[in-house]
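Below is one structure, written out as structure tokens; comments come after it.
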Amino acid sequence: AIEKNKNENGTTKYKILLQSNVKDTSTNSSFVNIAPTNNLTLEIASYGQNRFTIDANKSDENSGRVMYIGQKANVTLRNVNIEGGNLANGNGGAIYCSGTLNLVNSTISNSKAKNGGGIYIEKGDFTMNGGFIINHTAGISRGGAIAVKETALFTMNAGIISGNSASSDGGGIYLFGSSQGDKGRCI
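Taking my numbering, the leading residue of the sequence shown gets 8, the next gets one more, and so forth.
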């Protein structure tokens, strides 16, 4: 279901409520592509006892990531599971973000990429408020769980980053150059 509401500042906010698991069977490079031409605020959420999963189902090497978030997108993932990206020669196995990403009590798991096996933040902001980033691999380079470019900001208020690996640097988190990282209350 999709809900359309107004934010406090009068802009439109969309919320997608997942009611069943979603699994990709296509051959697209990004299963979910959020690349608006105008500013967009989007929340993808599941509520209740069972969390829902967005699975890119990319078991073949270099077959694609789960989600791309463009520069003009502000995306919140709330109580969802994101998994199954495989982009061995690219960045961001599960999520590639050039906009704003808010992770709230969600799990990002089981993806692979050159840099940022789980999440690659090129620009914009990534804030983690609870949840898990687990079991990712940066097979060729850096940032098993998360890779953050110089032009991005990463803030971790709560959550767990565990069981990730990188062939080079930063099995958990790798901050490129002068990246701004705020570890807050790390667990």
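Don't be surprised by glycine CBs; every beta carbon is placed ideally from N, CA and C.
Checklist entry - What do you reckon, are the CB atoms on T48 and N93 nearer than 8 Å? => result no
Item to check | Selected residue, minimal CA-CA separation from L108, among N136, G91 and G97 | outcome: N136
Checklist entry - From the DSSP output, which residues share a beta bridge with I41? => result I76
Next on the checklist: Does D132 come out as helix, strand or coil in the three-state DSSP assignment?
Outcome noted: strand
Item to check | Rounded C-alpha distance that separates I141 from N46 | outcome: 30 Å
Checklist entry - Is F183 helix, strand or coil by DSSP? => result coil
Checklist entry - Along the chain, where does the beta strand (DSSP E) that runs through Y54 open and close? => result Neither: Y54 is in no beta strand (DSSP E) and is coded neither H nor E.
Next on the checklist: Helix, strand or coil for G166? Go by DSSP, reduced to three states.
Outcome noted: strand
Next on the checklist: To the nearest angstrom, how far is the alpha carbon of A152 from that of Y54?
Outcome noted: 25 Å
Checklist entry - When burial is assigned at 16 or more other CB atoms within 10 Å of the CB, is N98 buried or exposed? => result buried
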